[in-house]
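The structure appears right after this line, and notes come after that.
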Amino acid sequence: MLKRALAIIFLLIIGYWLAQGLAGVPFGEDRMLVGQYYLDHVKGQTGAVNAVTAIVVNYRGFDTLGEVTVLFIASTGVGALLWRKKRERTAKTEGSMVLTTGTTLLFPFVVLFGAYIFIHGHLTPGGGFPGGATIATAFLLLYMAFITYEIPHKAFEKTEGIVGMAYVLVGLIGLAIGGYFLYDWIWQDWKLGADNIGRLLSGGFIPIIYTIIGIKVGTELSGIIDNMLKEEVSE
Amino acid sequence: MNGQYASLLIALPLISAFFVPLIKGLGKKAVKYYLVAITALQTGIAAWVFQQVYTSGEPIIVMAGGWKPPVGINLYIGHFAALFVLIVAAVSFMMAVFSIRAVEVEPIDKYTMLFLLLMLGATGMISTGDLFNLFVFMEITAISAYALTAYNKTGEAAEASMKYIVLGGIGSSFFLIGIALIYGATGTLNMAHLAQLAGAIDPTVAQVGLALIVFGLAVEAELFPLNAWAPDAYQAAPHPITAMFSAFVVKAGLYAMARLLYLMQAVESWHSVLKMLVIMATLTVFVAEFSALRQRNVKRMIAYSSIAQIGLIALAFALGTQSGVDAGVFHMVNHAIVKALLFLAVGHVAVTLGGTSLEHFEGLGKRMPLTAFAITVGAVAAVGIPLFNVFWSKLRILLAAIGAGYTWAAALVLIASVVEAVYYFRLIHTMWFAGEGEKVSENMALGLVMLFLAALVIVIGVYPDYAWSIAQKAGSDIFNVAQYVKNVPLMGVGA
Chain A
57 MLKRALAIIF LLIIGYWLAQ GLAGVPFGED RMLVGQYYLD HVKGQTGAVN
107 AVTAIVVNYR GFDTLGEVTV LFIASTGVGA LLWRKKRERT AKTEGSMVLT
157 TGTTLLFPFV VLFGAYIFIH GHLTPGGGFP GGATIATAFL LLYMAFITYE
207 IPHKAFEKTE GIVGMAYVLV GLIGLAIGGY FLYDWIWQDW KLGADNIGRL
257 LSGGFIPIIY TIIGIKVGTE LSGIIDNMLK EEVSE
Chain R
24 MNGQYASLLI ALPLISAFFV PLIKGLGKKA VKYYLVAITA LQTGIAAWVF
74 QQVYTSGEPI IVMAGGWKPP VGINLYIGHF AALFVLIVAA VSFMMAVFSI
124 RAVEVEPIDK YTMLFLLLML GATGMISTGD LFNLFVFMEI TAISAYALTA
174 YNKTGEAAEA SMKYIVLGGI GSSFFLIGIA LIYGATGTLN MAHLAQLAGA
224 IDPTVAQVGL ALIVFGLAVE AELFPLNAWA PDAYQAAPHP ITAMFSAFVV
274 KAGLYAMARL LYLMQAVESW HSVLKMLVIM ATLTVFVAEF SALRQRNVKR
324 MIAYSSIAQI GLIALAFALG TQSGVDAGVF HMVNHAIVKA LLFLAVGHVA
374 VTLGGTSLEH FEGLGKRMPL TAFAITVGAV AAVGIPLFNV FWSKLRILLA
424 AIGAGYTWAA ALVLIASVVE AVYYFRLIHT MWFAGEGEKV SENMALGLVM
474 LFLAALVIVI GVYPDYAWSI AQKAGSDIFN VAQYVKNVPL MGVGA
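Chains as they are written, first to last, in this note's numbering: chain A, 57 to 291; chain R, 24 to 518.
Structure representation (structure tokens):
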């Protein structure tokens, strides 16, 4: 009892201290030093009308490469820890007719929608991460509907590796052409799509990178689902 | 060659990790040798960067995407980062060689990827010049470390990893909230730009933000009371990974803490944060040394010893003086060498004789003389006997602590050192004077690596001047913030 009371008092003190700190942060005031710069220059410098995407993929693309890596580690880690010699799906009840029929019909459209999200990342809200997650839900649907379904592991794993390498390669091409790692040579040097801003074929290398991220996130999350659904069986 | 090519330090481990799924069909052996080749290549690039930075005396500023800071993200590879990126790569290379023999648990391809990404994360943390990018690299380091801790798939490994995940997750969220507060107060994430604006932050905000960041990083830097995960994780992780944890993963966290502290020194409440850190660091040394004394498992004992030494480095950084920071960096270098040697040798014993409890070390001098010799050199050095490398850095840390007016901290650390001597000499005694045994064959490649590290310990111990001059340059890279800000080509943004 005393212990709990002490813990509560301690938490209240820390909470008060944090609140004091938060109260001192000037939210909503004009403190957007870097933020304002992005808003003023985003169109001319990156060719993207979605400023958030331009920051995520272009200005701070290095962070995004890191975030993609974090997801890759998560999926690799799950794969490493759940690794067994022989694993199979052990689900017993087949999905209902509604689920199986719906899945068969919807699967291509869910994938299409996911692809739409990441291809249009530089124009509309969304991008590679939500697009990839949408694609993974399509595979999750298949897993739920059919008790024997499994993704093509080898192909997925190889695709994951290849698109990951493609992302780094895009960065290295930038290094070779423009002299900087992850330099957007398509927009800044070739000026491709300069009279096309706001349409699909613009935004420099953003659509390319978002396509890469979308495929990568999609295969990775599907791989995690697959790993978590299967159980070890004795030979 | 253009300095921007230093970005290969990041690109190479990344692209090589993504390449592993394509070659895993070639078999376990091939993947392990691939890992050795990549880490060797990384060491080559790091050596080139080191040579560039130390001959020109100028830091390499890598600007990702060609955007000037603070709009884009930059890497700052100054004297400190160049030195430690080289240490990270070299230790990784040695541990990759060790992995050929030490790691048999499947799946090797995943192990290789996580290994490379752990190296990548530490490299990035040490070289980045952007606060949020630091967070990203910290996540990369931490999450690959969680997975590698549990890699052996035993019960203890799972428990250790779980502890690490919980504490590490809390630490990361503290760190992220701290970043958010500081970003909210300044409007920038670039470290050099932050240093310029630090003086103008509201004192409460700065205190809260800085304290959150210090607490968040203290989990990675293994400071008391947030280091409960560390001994378990060190013991449960595969042997090469333990050596990497001790040699550079924890140091990356410690460096990040020191770098951010010194960058924010214009903040009003700076000295109170430093004082808190001095107390935490001294307690770390004290508690860890006494815990080490009670251990019957040698790997765990050395893990505690490693934590104690890390506390010593943190103490040196928390003094707030130039001599303290220099001594801390010097100790970081020495500790990396000694602990890589010790964990490598102990791991070698475990792989050959099947365990790391004290009984396995009885008669080691007769069974594996070379390994026993390596452990002896490492142990004697870790205690801080003159003519071994750690002596010089320990001495300088103690002198710096007294110079900064923390005599009580120096006294406590000295008492702890006596404790350290007791358990290390107990180990040496067990190895050479207890038990009998037949000679078993030792691995030649590992023997060479151990001899190389032991030679390094003794060479730095006898001729400390060159290593000390490098450590001084690296130390002033952290301490001299004005120079740091001047080196980063900031573009004017806003007002």
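Beta carbons: idealized from backbone N, C-alpha and C, even for Gly.
Is the separation between the beta-carbon of residue 307/R and that of residue 357/R shorter than 8 Å?
Position 284 of the second sequence, counted from the first residue, corresponds to residue 307/R. Position 334 of the second sequence, counted from the first residue, corresponds to residue 357/R. Contact flag unset, no.
In whole angstroms, give me the CA-to-CA distance for residue 518/R and residue 244/A.
Here residue 518/R is taken as the residue at index 495 of the second sequence, counted from 1. Here residue 244/A is taken as the residue at index 188 of the first sequence, counted from 1. At residue 518/R, the pLDDT of 46 sits below 50, so the modelled position is not reliable and the matter cannot be decided from this model.
For residue 246/A, decide whether its Cβ has a neighbour in chain R, counting only Cβ atoms nearer than 8 Å.
Position 190 of the first sequence, counted from the first residue, corresponds to residue 246/A. Not closer than 8 Å to any Cβ of chain R, the Cβ of residue 246/A fails to qualify, so no.
Could I get the ranges of all uninterrupted alpha helix (DSSP H) runs contained in the segment 398-431 of chain R, with 4 residues as the minimum, in chain order?
412-426
Within the 8 Å Cβ cut-off, does residue 137/A reach chain R?
For the purposes of this step, residue 137/A is taken as the residue at position 81 of the first sequence. So yes, residue 137/A belongs to the interface.
If you reduce the DSSP assignment to three classes, tell me which class residue 518/R lands in.
Counted from its first residue, the second sequence places residue 518/R at position 495. In this prediction, residue 518/R scores a pLDDT of 46, lower than 50, which makes its location untrustworthy; no coordinate-derived value is stated.
Here's a check: name, in chain order, each residue in its chain whose Cβ is nearer than 6 Å to the Cβ of residue 362/R, leaving out the five neighbours to either side.
Here residue 362/R refers to the residue found at position 339 when the second sequence is read from its first residue. The answer, listed in chain order, is 269, 270, 329.
Taking only beta-carbon positions, decide if residue 149/A is within less than 8 Å of chain R.
Position 93 of the first sequence holds residue 149/A. For residue 149/A, the answer is no, since every Cβ of chain R falls outside 8 Å of its Cβ.
Under the assumption that residue 170/A contacts residue 177/A (Cβ atoms under 8 Å), give the Cβ distance between them as a whole number of angstroms.
Taking the first sequence and counting its residues from 1, one reaches residue 170/A at position 114. Taking the first sequence and counting its residues from 1, one reaches residue 177/A at position 121. Not quite, the Cβ-Cβ distance comes to about 12 Å (not below 8 Å), so this is no contact.
Figure out for me which residue from 33/R, 225/R, 53/R has the closest Cα to the Cα of residue 76/A.
The sequence position of residue 76/A within the first sequence is 20, counting from 1. Checking every option, the nearest Cα to that of residue 76/A belongs to 225/R.
Residue closest to residue 57/R, alpha-carbon to alpha-carbon, out of 38/R, 327/R, 227/R
Residue 57/R sits at position 34 when you count from the first residue of the second sequence. Out of 38/R, 327/R, 227/R, 38/R has the C-alpha closest to the C-alpha of residue 57/R.
Can a CB atom of chain R be found closer than 8 Å to the CB of residue 155/A?
Position 99 of the first sequence holds residue 155/A. No, no contact with chain R.
For chain R, check one thing: does any of its Cβ atoms lie closer than 8 Å to the Cβ of residue 200/A?
By one-based count along the first sequence, residue 200/A stands at place 144. So, not an interface residue.
Is the Cβ-Cβ distance between residue 107/A and residue 94/A less than 8 Å?
Looking up residue 107/A in the first sequence gives position 51. Looking up residue 94/A in the first sequence gives position 38. With a cutoff of 8 Å on beta-carbon distance, residue 107/A and residue 94/A are scored as near each other.
I want to verify the contact list: residues of chain R whose CB lies under 7 Å from the CB of residue 269/A, in sequence order.
Along the first sequence, one-based indexing puts residue 269/A at 213. Chain-order list of chain R residues neighbouring residue 269/A: empty, with the shortest C-beta distance near 13 Å, by a criterion of under 7 Å.
Distance CB(residue 360/R)-CB(residue 278/R) smaller than 8 Å:
Here residue 360/R refers to the residue found at position 337 of the second sequence. Here residue 278/R refers to the residue found at position 255 of the second sequence. Contact: no.
Have a look at 228/R, 188/R, 289/R and flag the residue whose alpha-carbon is nearest the alpha-carbon of residue 243/R.
On the second sequence, residue 243/R is found 220 positions in, with the first residue counted as 1. Minimum Cα distance to residue 243/R is reached at 188/R.
Just to confirm before moving on: does the CB-CB distance between residue 410/R and residue 421/R stay below 8 Å?
Counting from 1 along the second sequence, the entry for residue 410/R is found at position 387. Counting from 1 along the second sequence, the entry for residue 421/R is found at position 398. For residue 410/R and residue 421/R, no; Cβs fall outside 8 Å.
Starting from residue 283/A, trace the alpha helix (DSSP H) in both directions and tell me its first and last residue.
Locating residue 283/A in the first sequence gives position 227, where the first residue counts as 1. Residues 262-285.
Close Cβ partners of residue 276/R (< 6 Å) along its chain, the five nearest in sequence each way excluded:
Translated into the one-based positions of the second sequence, residue 276/R becomes position 253. Cβ within range, chain order: 240, 243, 244.
Please go through the same chain and pick out, in chain order, the residues whose beta-carbon is closer than 7 Å to the beta-carbon of residue 267/R, but skip the five residues on each side of it.
The residue given as residue 267/R occupies position 244 in the second sequence. If we look at residue 267/R and ignore the five residues flanking it on each side, its Cβ neighbours are 114, 115, 118, 141.
Alpha-carbon to alpha-carbon, residue 374/R and residue 134/R
Counting from 1 along the second sequence, the entry for residue 134/R is found at position 111. Counting from 1 along the second sequence, the entry for residue 374/R is found at position 351. Note on geometry: alpha-carbon atoms of residue 134/R and residue 374/R lie some 17 Å from one another.
Between the segment 152-172 of chain R and the segment 120-131 of chain A, are three or more C-beta pairs nearer than 8 Å?
yes
Using a Cβ cut-off of 7 Å, pull out every chain R residue sitting near residue 240/A, in sequence order please.
Translated into the one-based positions of the first sequence, residue 240/A becomes position 184. Within chain R, the residues near residue 240/A are 88.
Residues in its own chain within less than 6 Å of residue 5/R by CB, not counting five upstream and five downstream?
Outside the shown range of chain R, which is 24 to 518, sits residue 5/R, and nothing can be said about it.
Since residue 370/R and residue 125/R are thought to touch, with beta carbons under 8 Å apart, how far apart are those beta carbons, to the nearest angstrom?
Your numbering for residue 370/R matches position 347 in the second sequence. Your numbering for residue 125/R matches position 102 in the second sequence. Their Cβ separation, rounded to whole angstroms, is 6 Å, which keeps residue 370/R and residue 125/R in contact under 8 Å.
How long is the line joining the alpha carbons of residue 60/R and residue 475/R, rounded to whole angstroms?
In the second sequence, the residue the question calls residue 60/R occupies position 37. In the second sequence, the residue the question calls residue 475/R occupies position 452. Distance between the alpha carbons of residue 60/R and residue 475/R is about 19 Å.
What residues from chain R crowd round residue 119/A, counting only those whose CB sits closer than 7 Å?
Taking the first sequence and counting its residues from 1, one reaches residue 119/A at position 63. Correct list: 96, 155, 156, 159.
Hey, out of 65/R, 122/R, 49/R, whose CA is closest to residue 107/R's CA?
For the purposes of this step, residue 107/R is identified with residue 84 of the second sequence, where counting begins at 1. Measuring from the Cα of residue 107/R, the nearest candidate turns out to be 65/R.
Alpha carbon of residue 162/R to alpha carbon of residue 144/R, nearest angstrom:
The residue you call residue 162/R lines up with position 139 of the second sequence. The residue you call residue 144/R lines up with position 121 of the second sequence. Distance between the alpha carbons of residue 162/R and residue 144/R: 8 Å.
Of the residues that make up the segment 120-152 of chain R, which ones have a beta carbon closer than 8 Å to any beta carbon in chain A?
129, 130, 133, 134, 136, 137, 140, 143, 147
Would you identify the three-state DSSP class for residue 84/R, choosing helix, strand or coil?
On the second sequence, position 61 is the one that residue 84/R refers to. The answer is strand: DSSP assigns residue 84/R an E or B state.
For the segment 65-76 of chain A, list every residue whose C-beta sits within 9 Å of some C-beta in chain R, in sequence order.
Listed by position along the chain: 73, 74, 76.
First and last residue of the uninterrupted beta strand (DSSP E) at residue 97/R:
Taking the second sequence and counting its residues from 1, one reaches residue 97/R at position 74. Its beta strand (DSSP E) spans residues 97-100.
Report the three-state DSSP secondary structure of residue 42/R (helix, strand or coil).
Within the second sequence, numbered from 1, the residue matching residue 42/R stands at position 19. Residue 42/R: helix per DSSP, three-state reduction.
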